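Residue numbers (UniProt numbering): 9 to 233. All residues carry an ideal CB built from backbone N, CA and C; glycine is no exception. None of these values were measured; they are calculated from a predicted model.
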Ligand code: ADP
Ligand code: ADP
């Protein structure tokens, strides 16, 4: 099965004056193994909503998402979390690292939560931090690192459970131009080396241009851009 299949996804929110706001109006999207897809669109178009649904952070109002062939429609929150943790890694604009913990501990966390043994997971996390070029920063806390380094830790953490799909929401939105380019290089190196599929929500056209496909989210639908 492909890493991601979204089938006729609709999302409605309660709208103003008791009405309904239909943000996604029947979106279908298949992402193949190793494919990188960029999603662009105006602010408020529904990009974050779509990313949350394809990442099993939220359920569609109608339609379905299959991650590695596993359907999320109708799943209870704990089941949804299990599918998400097995198949998806997230990188957000702001890193969401735990401030009290070192880079190593932050990267270990997903696998410890999944039931891994600390001794094993320490070694795995070291490997992941080395893979993002941060072997010299394993014992640093987030506040002791630059913005670019923090995002690299977030990428290492996103890879901890060896996801089929990496989802990124403005991953370089908070970085200067040079640091952004280095982060984009890292993401595409990972895709090259691990074959991880990627869906990138971004306003950054340099990043979007590197994807295999660019899709424009507008009026609740996806169009080729
Ligand atoms: P984008 O990421 O493209 O800026 P969003 O997905 O954040 O767009 O939001 C799309 C629309 O849905 C916006 O009008 C936003 O206000 C609305 N929206 C998003 N989440 C919710 C929610 N939980 N409840 C109600 N409206 C929401
Ligand atoms: P980001 O820019 O970090 O992607 P957003 O501002 O798009 O984040 O949304 C952050 C969270 O707030 C999301 O979970 C989204 O569903 C929620 N949200 C966005 N707009 C609204 C809204 N109008 N009402 C309620 N929740 C919203």
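Quick check: does the Cβ of residue i come within less than 7 Å of any heavy atom belonging to ligand 1?
| i | result |
| --- | --- |
| residue 54 | yes |
| residue 57 | yes |
| residue 49 | yes |
| residue 222 | no |
| residue 31 | yes |
Put residue i into one of helix, strand or coil per three-state DSSP.
| i | result |
| --- | --- |
| residue 199 | helix |
| residue 140 | coil |
| residue 45 | strand |
| residue 176 | strand |
| residue 65 | coil |
| residue 60 | helix |
| residue 108 | coil |
| residue 188 | helix |
Give the range of the beta strand (DSSP E) segment to which residue i is assigned.
| i | result |
| --- | --- |
| residue 206 | 205-209 |
| residue 119 | Where residue 119 is concerned, there is no enclosing beta strand (DSSP E), although the alpha helix (DSSP H) it sits in stretches over 111-121. |
| residue 75 | 70-75 |
| residue 231 | 229-232 |
| residue 40 | It is not in any beta strand (DSSP E) - residue 40 carries neither H nor E in the DSSP assignment. |
Out of the options, which has the shortest C-alpha to C-alpha gap to residue i?
| i | options | result |
| --- | --- | --- |
| residue 91 | 182, 180, 224, 12 | 12 |
| residue 102 | 82, 162, 114 | 162 |
| residue 10 | 93, 122, 71, 204 | 204 |
| residue 124 | 168, 42, 176, 187 | 168 |
| residue 104 | 183, 25, 39, 158 | 158 |
| residue 116 | 129, 69, 135 | 129 |
| residue 56 | 80, 119, 185, 176 | 176 |
Over the uninterrupted alpha helix (DSSP H) stretch that includes residue i, give me the two end residues.
| i | result |
| --- | --- |
| residue 260 | The first residue shown for the chain is 9 and the last is 233, placing residue 260 beyond what the model contains. |
| residue 155 | 155-166 |
| residue 151 | Unbroken run through residue 151: none, as it is neither H nor E. |
| residue 94 | 85-95 |
Since I believe residue j is in contact with residue i (beta carbons under 8 Å), could you give me their beta-carbon distance rounded to a whole number of angstroms?
| i | j | result |
| --- | --- | --- |
| residue 224 | residue 48 | 6 Å |
| residue 180 | residue 215 | 7 Å |
| residue 17 | residue 73 | 7 Å |
| residue 156 | residue 187 | 4 Å |
| residue 53 | residue 226 | 6 Å |
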